[in-house]
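Numbering (mature numbering (1 follows the signal peptide of the UniProt record, and there is no 0)), first residue to last: -19 to -1, 1 to 322.
The structure appears below as structure tokens.
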């Protein structure tokens, strides 16, 4: 090989090597770890986040654990409200029957709110700082990201189900339910849960939604425990005008645990006479648990013009359910502190 040829070869190698070194920085992809850290940090700082598990379900959770919206619980769309440290559900009868409740009782539960519990606390599990911590722990640094473009054109990194934007500002787009907690995956079913931070201008609407849900609570049932009733006295008094009053004295007993609760007692009585026919009456009241209570209701028969007497009998039935003691004003003040006035 000639001296000129060797020199030219060395020069060519030097040029190629230099070109490769200069091309390396521009070919390096975005910093995935910076994207993940930035997205999780932003999520943890949010005042409130709306989560979208799919279908019509969507619920908003604040940083201090308030919850309002619809949860997808084992295939049922269930309204949820978490306030004052308690979870309230407005679920169809099928939900309560799936918990082992008798059909008639489940139908009644399906008409009103009930203080209840799930396999996880949605307030603490889905509070933005808690979600950020759980996702950080669930996705180790060794996971290799996949860069992809979603249907809406958004460019994201997908790390085993955690999706974060690939370009700033970094944010969490969605995550697989299994990354959060096994109980979430079991309750909601496998789902990619969308994450939509609530902007400052939207916090007022969230608070109004929360306040409206509080106003609709009424006297919610307490799912789980049972209140038994024992009739300890019964009288039926009828007057010459045709009015009859059925009075029942009952003792209640709570089976199970129900803090901050009372007993909702319902009396239904059928007052009948072979000569006068039959009429129904009833009374509903709320009384302390594990105490004696008197209930009564009245009917009035139309008496025949002819004199004489008529035999009258009553068949009363008393049912009881535990109901939660709720202070709507206190719950609304909690929302005001979290979301602003």
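Backbone N, C-alpha and C fix where the C-beta goes; we use that ideal spot for every residue, glycine too.
| message | Which of the three DSSP states is assigned to residue 109 in this structure? | response | helix
Margin query: Considering only DSSP beta bridges, list what residue 230 is partnered with.
Written below: 214 and 275
Query raised in the report: When the Cα of residue 13 is compared with those of 152, 104 and 54, which residue comes out closest?
Result: 152
Proximity to residue 35 [Cα-Cα], best of 171, 105 and 237
171
- Query: Any idea what DSSP makes of residue 259, helix, strand or coil?
  - Reply: strand
How is the beta strand (DSSP E) around residue 156 delimited, first residue to last? 153 to 157
Q) Where does residue 104 sit, in a helix, a strand or coil, going by DSSP? A) helix
- Query: Three-state secondary structure (DSSP) at residue 168?
  - Reply: helix
### Message
I'd like to check one pair, residue 276 with residue 244: are the Cβ atoms closer than 8 Å?
### Response
no
query: Would you say residue 124 and residue 137 are within 8 Å of each other, going by their C-beta atoms?
result: no
Output the distance between the C-alpha atoms of residue 297 and residue 189, rounded to the nearest integer angstrom. 43 Å
Item to check | Length of the line joining the Cα atoms of residue 97 and residue 239 | outcome: 11 Å
Supposed close pair residue 50, residue 39 - CB separation, criterion 8 Å | 5 Å
### Message
Judging by CA-CA distance, which residue of 175, 207, 72 and 263 is the nearest neighbour of residue 90?
### Response
72
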